[in-house]
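Those protein sequence lines, which keep their order, are chains A and B. According to my numbering, the stretch in the first sequence is residues 128 to 332, in order. According to my numbering, the stretch in the second sequence is residues 128 to 332, in order. In this text, a Cβ means the ideal position worked out from N, Cα and C, and glycines have one as well.
Number of protein chains: 2
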Amino acid sequence: MVTSRSAAAARPGAASLRRRGPVLERAILEATLDQLGSVGWNGLTMEGVAVGAQTGKAAVYRRWPSKQDLVADALRAGLPTLDEASDLGSVREDLYEVCRRLRDVMYSKPGLALRAVLHECDAESAARFHSLIVTGVVEPSARLFRAVLRRGIARGEVRADADDDLVVDVIPAMMMYRSKVCVSEWVDREIADLVDRIMVPLLRP
Amino acid sequence: MVTSRSAAAARPGAASLRRRGPVLERAILEATLDQLGSVGWNGLTMEGVAVGAQTGKAAVYRRWPSKQDLVADALRAGLPTLDEASDLGSVREDLYEVCRRLRDVMYSKPGLALRAVLHECDAESAARFHSLIVTGVVEPSARLFRAVLRRGIARGEVRADADDDLVVDVIPAMMMYRSKVCVSEWVDREIADLVDRIMVPLLRP
Chain A
128 MVTSRSAAAA RPGAASLRRR GPVLERAILE ATLDQLGSVG WNGLTMEGVA VGAQTGKAAV
188 YRRWPSKQDL VADALRAGLP TLDEASDLGS VREDLYEVCR RLRDVMYSKP GLALRAVLHE
248 CDAESAARFH SLIVTGVVEP SARLFRAVLR RGIARGEVRA DADDDLVVDV IPAMMMYRSK
308 VCVSEWVDRE IADLVDRIMV PLLRP
Chain B
128 MVTSRSAAAA RPGAASLRRR GPVLERAILE ATLDQLGSVG WNGLTMEGVA VGAQTGKAAV
188 YRRWPSKQDL VADALRAGLP TLDEASDLGS VREDLYEVCR RLRDVMYSKP GLALRAVLHE
248 CDAESAARFH SLIVTGVVEP SARLFRAVLR RGIARGEVRA DADDDLVVDV IPAMMMYRSK
308 VCVSEWVDRE IADLVDRIMV PLLRP
């Protein structure tokens, strides 16, 4: 009987017997992101993911009945979270920090994969992945920007009527637009310019 | 011999003998936009376009060697032009007017087709259609916004340092972002809000 780790890894069936529950699930989700990065949505197969995760196809299908379900879960699980915005003492510093976090989500492996998938898949899957962008990126980043604005208003740094849906969208809109149109990757200096040349004048009391 | 117009129209070969040069070209380009609207990039064929334009396939291929060339020309020819920005006496009115024109381009038949095509075609075609958005929509609208800002600075309505690449991008960025994320169609009231709640505070001296 083969017992060494590397031999088990070379025999998918044996490996799948050893990893269970969350460990195996994480391996499958990671293999899914890898596949998306290398062969895209159209090239991705449940079989390819199983091979990548060194498990059997049945282990994948048991958890995810379709490719759409699997990819949605892989993207959701992989996206960096956008929870609380740290209070750095000024609206300028706080915005800069939230922008950098949003940029890191946009250019993370799952963030890039999510945008690529949207351009490749059929309309039904696109609607599902679009809602993933909304719940995983758009809504959490809007909450962060709103928290920063409210702290700024409380400090007297920001005009009171800037707590506004449209104002909250300016940074994500600019980041999406310039990454598409100017192929900007939002290096730190560009983020600082966005804060200083757009947000500071827009928010001043 | 059949000579009436309607009978000629019913016989594509005969019709193509009668229309020449620009008239036939316009019919082919219009049929291309119709096909894009009904069957999309993947469904569009040179043959389908020829049938729609009531001409022969050879008449299409003689002018456009590939589907990509044909679609690019149809989109370019169909997009409403964004030339001079009228001077309505205030930056607020001028911006409102340019926004409405940009909205009308985005939601024109070729504008909608252009965005739809980008999601359907291969990478090489996408690069070409993307450059069409840049030269046909992004650059002309940036020129209009810049002209409006400069007039506002000359009038003393707008701070002098607002003649800035980033500032020029705010409106197109917001229009693209909210049309994607919130499925906004930018009715006139929303455009007025964008001008009053974002641009006016951003630009004031």
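Practice task
May I have the straight-line CA-CA distance separating B:R273 from B:L229, to the nearest angstrom?
Solution key: In the second sequence, the residue the question calls residue 273 of chain B occupies position 146. In the second sequence, the residue the question calls residue 229 of chain B occupies position 102. Between B:R273 and B:L229, the C-alpha separation is close to 14 Å.
Exercise for the section: Using the Cα positions of B:V327 and B:A269, report the straight-line distance between them to the nearest angstrom. Expected result: On the second sequence, position 200 is the one that residue 327 of chain B refers to. On the second sequence, position 142 is the one that residue 269 of chain B refers to. Approximately 17 Å, taken between the alpha carbons.
Handout entry: Interface flag, A:Y223 vs chain B, CB-CB below 9 Å
Key = By one-based count along the first sequence, residue 223 of chain A stands at place 96. Output row for A:Y223: interface = no.
Problem - Simplified DSSP state of B:R324, which is helix, strand or coil - result: By 1-based counting over the second sequence, the position of residue 324 of chain B is 197. Looking at B:R324 - three-state DSSP - the assignment turns out to be helix.
Handout entry: Chain-ordered neighbours of B:I325 on chain A, where CB pairs are closer than 8 Å
Key = Residue numbering aside, residue 325 of chain B sits at position 198 when the second sequence is read from its first letter. Within chain A, the residues near B:I325 are L293, V294, V297, L329.
Handout entry: B:C248 - DSSP class collapsed to helix/strand/coil
Key = The count along the second sequence starts at 1 and reaches residue 248 of chain B at position 121. Note: B:C248 maps to coil in three-state DSSP.
Practice task
Closer than 9 Å by beta-carbon distance: list the chain A residues that pair up with B:V308, in chain order.
Solution key: Reading the second sequence from its first residue, position 181 is the one you call residue 308 of chain B. Under the 9 Å cutoff, chain A gives H257, I260, V261, V265, D296, P299, A300, M303.
Practice task
Kindly provide the ranges of any alpha helix (DSSP H) runs that are 4 or more residues long and lie completely inside the segment 144-177 of chain B, ordered along the chain.
Solution key: 148-170
Problem - Spatially closest choice to B:E211 from B:V225, B:L151, B:R316, B:A250, by CA coordinates - result: Along the second sequence, one-based indexing puts residue 211 of chain B at 84. Here the closest residue by C-alpha is B:V225.
Handout entry: Contact list for B:L321 against chain A, beta-carbon separation under 7 Å
Key = One-based indexing of the second sequence puts residue 321 of chain B at position 194. Ordered by position in chain A, the residues that pass the 7 Å Cβ test against B:L321 are L293.
Handout entry: Contact set for B:T130: own chain, Cβ-Cβ below 8 Å, skip 5 residues either direction
Key = For this step, residue 130 of chain B is matched to residue 3 along the second sequence. The predicted model places B:T130 with a pLDDT of 42, which falls under 50 and marks its position as unreliable; any figure quoted below should be read in that light. For B:T130, where only same-chain residues beyond five positions count, there are no Cβ hits under 8 Å.
Exercise for the section: Take the Cβ of B:P149 as the centre, count every other Cβ of all protein chains shown within 10 Å, and call the residue buried at 16 or more, exposed below. Expected result: On the second sequence, residue 149 of chain B is found 22 positions in, with the first residue counted as 1. So B:P149 counts as exposed.
Exercise for the section: Measuring alpha carbon to alpha carbon, tell me which of A:G183, A:V232, A:R219 ends up nearest A:P207. Expected result: Here residue 207 of chain A is taken as the residue at index 80 of the first sequence, counted from 1. Here the closest residue by C-alpha is A:V232.
Problem - Candidates A:E317, A:E251, A:S258: closest to A:S193 by CA position - result: The residue given as residue 193 of chain A occupies position 66 in the first sequence. Selected option, being the one with the closest Cα: A:E251.
Problem - Endpoints, the alpha helix (DSSP H) within which A:C226 is located - result: Residue mapping note: residue 226 of chain A aligns to position 99 of the first sequence, counting from 1. Counting along the chain, the alpha helix (DSSP H) containing A:C226 begins and ends at 218-233.
Practice task
Helix, strand or coil for A:S268, going by three-state DSSP, please let me know.
Solution key: For the purposes of this step, residue 268 of chain A is taken as residue 141 along the first sequence, with counting starting at 1. In the three-state reduction of the DSSP assignment, A:S268 falls in the helix class.
Practice task
Provide the residue span of the alpha helix (DSSP H) that contains B:V198, from first to last.
Solution key: By 1-based counting over the second sequence, the position of residue 198 of chain B is 71. Counting along the chain, B:V198 sits inside the alpha helix (DSSP H) bounded by residues 194-205.
Problem - Segment contact, 8 Å Cβ cut-off, at least three pairs: the segment 312-319 of chain B with the segment 235-252 of chain B - result: No, because fewer than three Cβ pairs between the segment 312-319 of chain B and the segment 235-252 of chain B fall closer than 8 Å, the two stretches do not touch.
Practice task
Look up A:L329 in the DSSP assignment and say whether it is helix, strand or coil.
Solution key: On the first sequence, position 202 is the one that residue 329 of chain A refers to. Correct three-state label for A:L329: helix.
Handout entry: Run of the alpha helix (DSSP H) containing B:R305, from where it starts to where it stops
Key = By 1-based counting over the second sequence, the position of residue 305 of chain B is 178. 292-308 is the span of the alpha helix (DSSP H), which, as asked, contains B:R305.
Problem - Below-9 Å beta-carbon distance, B:R286 vs any chain A residue - result: To locate residue 286 of chain B, count along the second sequence from 1; it is residue 159. So, interface residue.
Handout entry: Below-9 Å beta-carbon distance, B:L245 vs any chain D residue
Key = Absence of chain D from the displayed structure is noted, the protein chains being A and B.
Problem - C-beta neighbour in chain A for B:A289, strict 9 Å - result: Taking the first residue of the second sequence as 1, we reach residue 289 of chain B at position 162. True, the Cβ-Cβ gap to chain A drops below 9 Å.
Problem - B:S131 (DSSP reduced to helix, strand or coil) - result: Counting from one through the second sequence, the residue named residue 131 of chain B turns up at place 4. Reliability of the predicted coordinates at B:S131 is poor, the pLDDT of 43 falling under 50, and the value obtained from them is presented with this limitation in mind. Three-state DSSP puts B:S131 in coil, outside helix and strand.
Exercise for the section: Check the Cβ-Cβ distances between B:A253 and every residue of chain A, and say whether any is below 9 Å. Expected result: In the second sequence, the residue the question calls residue 253 of chain B occupies position 126. For B:A253, the answer is yes, since a Cβ of chain A falls inside 9 Å of its Cβ.
Practice task
Compare the Cα-Cα distances from B:S235 to each of B:L151, B:V285, B:V264, B:V218 and report the closest residue.
Solution key: Position 108 of the second sequence, counting from 1, holds the residue named residue 235 of chain B. When each option's Cα is compared against that of B:S235, the closest is B:V264.
Problem - Between the CA atoms of A:L151 and A:R190 - distance to the nearest angstrom - result: To locate residue 190 of chain A, count along the first sequence from 1; it is residue 63. To locate residue 151 of chain A, count along the first sequence from 1; it is residue 24. Straight-line Cα distance between these residues: approximately 11 Å.
Practice task
Provide the residue span of the alpha helix (DSSP H) that contains B:V187, from first to last.
Solution key: Counted from its first residue, the second sequence places residue 187 of chain B at position 60. Boundaries of the alpha helix (DSSP H) around B:V187: 184-190.
Exercise for the section: State the DSSP-derived secondary structure class of A:T262, mapped to helix, strand or coil. Expected result: Here residue 262 of chain A refers to the residue found at position 135 when the first sequence is read from its first residue. Per DSSP, reduced to three states, the secondary structure at A:T262 is helical.
Practice task
Report the residue from B:L197, B:D161, B:L329 whose alpha carbon sits nearest the alpha carbon of B:E284.
Solution key: Position 157 of the second sequence, counted from the first residue, corresponds to residue 284 of chain B. Nearest of B:L197, B:D161, B:L329 to B:E284, Cα basis: B:L329.
Exercise for the section: Could you have a look at B:G283 and say whether DSSP puts it in helix, strand or coil? Expected result: Your numbering for residue 283 of chain B matches position 156 in the second sequence. DSSP places B:G283 in coil when its eight states are reduced to three.
Problem - Close beta carbons around B:R203, own chain, < 7 Å, minus the five adjacent residues each side - result: For the purposes of this step, residue 203 of chain B is taken as residue 76 along the second sequence, with counting starting at 1. Excluding sequence neighbours, B:R203 sits near L259, G263.
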